[in-house]
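Trainee:
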Amino acid sequence: MTRLHAHPPPSRSPFVTFITICRALARRAWRSGNRVPPGITVAAILILSISCGSPKTEHKDAPVFLIVVDTLRSDRLPIYGYADGKTPAIDALATDSVLFKYSYAHTPQTLPSHASIMTGNLPSTTGVRDNIGFYLNDEQVTLAERLKERGYRTGAAVSTMVLRRGTGIHQGFDTYDDDMEVTSRDTARTYAQRRGDQTLNLAIAWLDAQHSPEASAPLFYFLHLYDPHSPYDAPEPFSSMGKDAYDGEIAFADHLIGRFIEELKKRDLYDKSVIIVTSDHGEGLGDHGEAEHGLLVYREALQVPLLVKLPNSEDGGTVREEATGLFDLAPTIADLLGFSIDCDGVSLFSSEGRDAKRDIYSESLNAELHYGWHRLQSVIQRENHYIRGADEQLFHLFEDPAEKANRFGQAAIPPTALALIERLGTGNQEQTQISEEDIALLESLGYSGGFQVGETIKQLSEKQFLELYDNISRSGGLLNNGQFEQAEQLLGAVVQQYPEMVDARLLLGSALTGLEKYDKAEYLYAETLAMSPRNLSAMTGLVDASLGLGKVQETQGLVDKIMNQEPRMGAQTLLPVLLKHRAFEAAEGIAKAQLARDSAFGMGHYAVGRAHLDRNELAPATTHLEKARELLKDGVTPKLSADLAFFLGDSLARQSEPQRALSLFESALREYPNHRGANASQALLLFSLRKPREALRGLDSWLKTYPEPANFQKAAEVLDIVGIKDEAARLRKKAGAESP
227 MTRLHAHPPP SRSPFVTFIT ICRALARRAW RSGNRVPPGI TVAAILILSI SCGSPKTEHK
287 DAPVFLIVVD TLRSDRLPIY GYADGKTPAI DALATDSVLF KYSYAHTPQT LPSHASIMTG
347 NLPSTTGVRD NIGFYLNDEQ VTLAERLKER GYRTGAAVST MVLRRGTGIH QGFDTYDDDM
407 EVTSRDTART YAQRRGDQTL NLAIAWLDAQ HSPEASAPLF YFLHLYDPHS PYDAPEPFSS
467 MGKDAYDGEI AFADHLIGRF IEELKKRDLY DKSVIIVTSD HGEGLGDHGE AEHGLLVYRE
527 ALQVPLLVKL PNSEDGGTVR EEATGLFDLA PTIADLLGFS IDCDGVSLFS SEGRDAKRDI
587 YSESLNAELH YGWHRLQSVI QRENHYIRGA DEQLFHLFED PAEKANRFGQ AAIPPTALAL
647 IERLGTGNQE QTQISEEDIA LLESLGYSGG FQVGETIKQL SEKQFLELYD NISRSGGLLN
707 NGQFEQAEQL LGAVVQQYPE MVDARLLLGS ALTGLEKYDK AEYLYAETLA MSPRNLSAMT
767 GLVDASLGLG KVQETQGLVD KIMNQEPRMG AQTLLPVLLK HRAFEAAEGI AKAQLARDSA
827 FGMGHYAVGR AHLDRNELAP ATTHLEKARE LLKDGVTPKL SADLAFFLGD SLARQSEPQR
887 ALSLFESALR EYPNHRGANA SQALLLFSLR KPREALRGLD SWLKTYPEPA NFQKAAEVLD
947 IVGIKDEAAR LRKKAGAESP
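If you're matching positions, the sequence shown starts at 227 in my numbering and goes up one per residue.
1. Short of 6 Å in beta carbon distance, which residues of its chain neighbour residue 458, apart from the five on each side in sequence? Order them along the chain.
2. Could you pull the start and end residues of the beta strand (DSSP E) that residue 619 belongs to?
3. Taking only runs of the alpha helix (DSSP H) that begin and end inside the segment 703 to 748, which ones reach a length of at least 4 residues, in chain order?
4. Do you know whose CA, among 567, 747, 708 and 599, lies nearest residue 375's CA?
5. Just to check my reading of the structure: residue 515 and residue 630 have Cβ atoms closer than 8 Å, yes? What is that Cβ distance to the nearest angstrom?
6. According to the Cβ coordinates, are residue 798 and residue 829 closer than 8 Å?
7. Quick one: using the 10 Å Cβ neighbour count with 16 as the cut-off for buried, is residue 722 buried or exposed?
8. In the DSSP assignment, what are the bridge partners of residue 403?
9. Taking buried to mean at least 16 other C-beta atoms within 10 Å of its own C-beta, is residue 775 buried or exposed?
10. Could you check whether the segment 533 to 547 touches the segment 348 to 366, counting it as contact only if at least three pairs of C-beta atoms, one from each stretch, sit closer than 8 Å?
11. Exposed or buried, what is residue 645 when buried is set at 16 or more other beta-carbons lying within 10 Å of its beta-carbon?
12. What span of residues does the alpha helix (DSSP H) with residue 938 cover, start to end?
13. Could you tell me whether the segment 803 to 812 touches the segment 829 to 842, using the rule of 3 or more Cβ pairs below 8 Å?
14. Answer with buried or exposed for residue 935, where buried requires no fewer than 16 other C-beta atoms within 10 angstroms of its C-beta.
15. Check whether the Cβ atoms of residue 733 and residue 717 lie closer than 8 Å to each other.
16. Along the chain, where does the alpha helix (DSSP H) containing residue 215 start, and where does it finish?
17. On a Cα-Cα basis, can you pick out the residue from 745, 315 and 941 that is closest to residue 478?
18. With a threshold of 7 Å on Cβ separation, who are the neighbours of residue 592 within its own chain once the five nearest residues in sequence on each side are excluded?
19. Taking C-alpha atoms, which residue in 700, 594 and 737 lies nearest to residue 711?
20. When the Cα of residue 432 is compared with those of 468, 621 and 486, which residue comes out closest?
21. Here's the rule I'm using: 16 or more other beta-carbon atoms within 10 Å means buried, otherwise exposed. How should residue 307 be labelled?
22. Hey, out of 623, 378, 611 and 926, whose CA is closest to residue 639's CA?
23. If distances are taken between C-alpha atoms only, which option among 396, 484, 842 and 368 comes closest to residue 422?
24. Counting C-beta neighbours from all protein chains within 10 Å, is the total for residue 406 16 or more, i.e. buried, or is it exposed?
25. For residue 901, which residues of its own chain have a beta-carbon under 8 Å away from its beta-carbon, when the five flanking residues on both sides are left out?
26. Assign residue 945 to buried or exposed, taking buried as 16 or more other Cβ atoms, counted over all protein chains shown, within 10 Å of its Cβ.
27. Consult DSSP for residue 900 and reduce its assignment to one of helix, strand or coil.
28. In whole angstroms, what is the alpha-carbon distance linking residue 597 and residue 326?
29. Going by the CB atoms, is the gap between residue 449 and residue 429 shorter than 8 Å?
30. For residue 181, count the other beta carbons within 10 Å of its own beta carbon; 16 or more makes it buried, fewer makes it exposed. Which is it?
31. Do you know whose CA, among 622, 366 and 557, lies nearest residue 637's CA?
32. If you follow the beta strand (DSSP E) that residue 347 is in, where does it begin and where does it stop?
33. Please list the segments of the alpha helix (DSSP H) lying wholly inside the segment 586 to 641, counting only runs of 4 or more residues, in order along the chain.
34. From the DSSP output, in three-state form, read off residue 659 for me.
35. Evaluate residue 535 with the Cβ neighbour count: other Cβ atoms within 10 Å of its Cβ, from every protein chain shown; 16 or more gives buried, anything less gives exposed.
36. Tell me the DSSP bridge mates of residue 535?
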């Protein structure tokens, strides 16, 4: 049951009574889903902000739980006025929390944003200016380190390798779980992330291990949920909630937050804890031409939710309207626990935190660092939002929250905003050396590590640059769906105009190998390696193209170089390529070497299973393929998931287990409907089970949906085997091939 007051004083003055009435009215409006009435907002919020300026009591040794939901726009939550969202857990938590209406990230990127959260400093102070090539150095003291010094047991589980240990975000945590495995080399994304329910299970296990009658040390836990981040593929029933898939992701994250809150309540931790829910940045959703985030600094990319639940739900239901930044979280937590830290941010319960005219600085250096375009800088001062980039923009956030009416030149820019940009827009931006392995992992999440291409890019307007960036991003989706011809056309034009853009070259190479244009791909990859000699993706692509041309012996030296340079990631990226070209002996050797180091290496079991299957050693093939499917059941690409089901089904079909095999072929086609092997094998198995109509119906549906020459040829081979020669000849003619 939600409390209206945590610890009411024994006697109340008229002034205190008035505050109490205002709070009760505010919370009643909150519960009913209505906003606080305007009259109360002006009077009561003002008085409440005075009474809540500093915590009433020092909450020394209170448990602290920090929940960061990645990529969560505040305006997609019902507590911020959104009508279509389904977030009952966050709604309930808000009644026990102080809600900050205007909270902003200092960058639309995950790593630098978390560096600010953990230290209380801006990116120019932390030195972490981008996801790629930066890390939090030891000189920056994190919140976890400060709490550990004060006797706290500290733990964390993160859901993306962008926050892996090597970034420095782990400093001060006794337990920091970042164990994620990339499972396949895929041209778009290989999902170096884990779903939130897996991360939540780690958090619950940590609570089980730490919270016991004998344990007296206070707790600090950081839970990072990645799910609202693209791709938007929440499980049912959440994916159907809200007006789009992004809403479904948020509903799933809300469900996980609700589960975590229940775990805290079961352990009698909820009432006594400080609980903070926020996000590292928002999401573009096309509002200003950016589908996702990382480039632009408009409101939708920067404004994030912020709930601060105090022990005993003190001041629950209060709404604060001052502009705040994520760098305020660390000093706020310190203030609540009775100590202070020296940093760029301030405690939200201090007089500085209540300053209605605070300037909140944000930046995005992504386009400058990786494409040679402009850096973007932003200052928000209550209703004013000033942006400096390719040009200058000024928006009135209250009158124009969609930021469509640029008032630059018509209204005065706050002078403090200009001064702040000049002062904070520089700082440390020197990138550190980053391994090719980490670059490959980051690229698998869609974080581009491109190369500057000179003044040509700088001359582009924001609209023109977004078109270029969107073409590169869109090509990844085309490749992931097997639409290689469209991707080749799109990327060919980009590479022709910007031949030094390595990202675009690598994607074009993937399209060419997908189309089996191995000669063109080989030339492109070799040319790219001359520009970037240690690029792991380019080396792996060259192996793919060379094997496609039958250059087995010539490729061995490059395979050895990859494995010597990056053994773990080399195995991850090479094995699918070697298996694709049926280089089973080489794949098995690499896989067994990795399995000797890590028996839970899923791709290793897959490669060994495929090698056994090629030799018709069906029992060990089945064992390894089943193990691979178990280990790789989460976070894999649709194509790899389909391959895992298909080859296991193939092994079982050869062992006269047709029903299990048929079920696996069907599973493969659910994951990847254009899987050539699964479509052909399913049809052959149905023919063998005397179900010719089902077999022909399946082939017909496949060919109508994916009328590709190679598919017609494969279907013709199936019909030849079962003796339907005339139809096979017709399909072969459609494929443009002559009958044998």
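Each residue gets a CB set at the ideal place from its N, CA and C atoms; glycine is no exception.
Mentor: According to the structure data:
1. In chain order, 471, 472 and 475 place their CB closer than 6 Å to the CB of residue 458, counting only its own chain and leaving out the 5 sequence neighbours on each side.
2. Per DSSP, residue 619 is one residue of the beta strand (DSSP E) stretching across 618 to 622.
3. The segment 703 to 748 contains these whole alpha helix (DSSP H) runs: 710 to 723 and 728 to 740.
4. Per the Cα distances, 567.
5. Actually they are not in contact, since the Cβ atoms of residue 515 and residue 630 sit about 12 Å apart, beyond 8 Å.
6. A Cβ-Cβ contact shorter than 8 Å links residue 798 with residue 829.
7. That one is exposed.
8. According to DSSP, which records beta bridges pairwise, residue 403 is partnered with 383.
9. Label assigned to residue 775: exposed.
10. Under the 8 Å Cβ criterion, the segment 533 to 547 does not count as touching the segment 348 to 366, having fewer than three qualifying pairs.
11. Exposed is the call here.
12. From DSSP, the alpha helix (DSSP H) with residue 938 extends over 935 to 947.
13. Yes: the two stretches touch, three or more of their Cβ pairs being nearer than 8 Å.
14. Answer is exposed; the Cβ neighbour count stays below 16.
15. Contact: yes.
16. The question about residue 215 has no answer, for the chain in this structure spans 227 to 966.
17. Nearest to residue 478 by alpha-carbon distance, out of 745, 315 and 941, is 315.
18. Hits under 7 Å: 335, 356, 520 and 521.
19. Ranking the options by Cα distance to residue 711, first place goes to 737.
20. Of the listed residues, the one whose Cα sits closest to residue 432 is 486.
21. Around the C-beta of residue 307, fewer than 16 other C-beta atoms lie within 10 Å, and the residue is accordingly described as exposed.
22. Between residue 639 and the set 623, 378, 611 and 926, the nearest pair of CA atoms involves 611.
23. Ranked by Cα distance from residue 422, the options 396, 484, 842 and 368 are led by 484.
24. By the neighbour-count rule (16 or more Cβ atoms within 10 Å), residue 406 is buried.
25. Annotation for residue 901: 865, 868, 869, 872, 894 and 895 place their beta carbon closer than 8 Å to its own, counting only its chain and skipping 5 residues before and after.
26. Classification of residue 945: buried, given that the 10 Å Cβ count is 16 or more.
27. Residue 900 falls in the coil class under three-state DSSP.
28. Roughly 35 Å between the two C-alpha positions.
29. Yes, the pair counts as a contact, with Cβ atoms nearer than the cut-off.
30. An answer regarding residue 181 cannot be provided, because it is not within the stretch 227 to 966 covered by the chain.
31. For residue 637, the nearest C-alpha among the options comes from 622.
32. Unbroken run through residue 347: none, as it is neither H nor E.
33. Those alpha helix (DSSP H) runs which fall completely within the segment 586 to 641 and span 4+ residues are 592 to 597.
34. For residue 659, the predicted model reports a pLDDT of 44, less than 50, meaning its position is unreliable; a value from the coordinates is still stated below. Assigned with DSSP and collapsed to three states, residue 659 falls in coil, not helix or strand.
35. It counts as buried.
36. In DSSP, residue 535 forms a bridge with 501.
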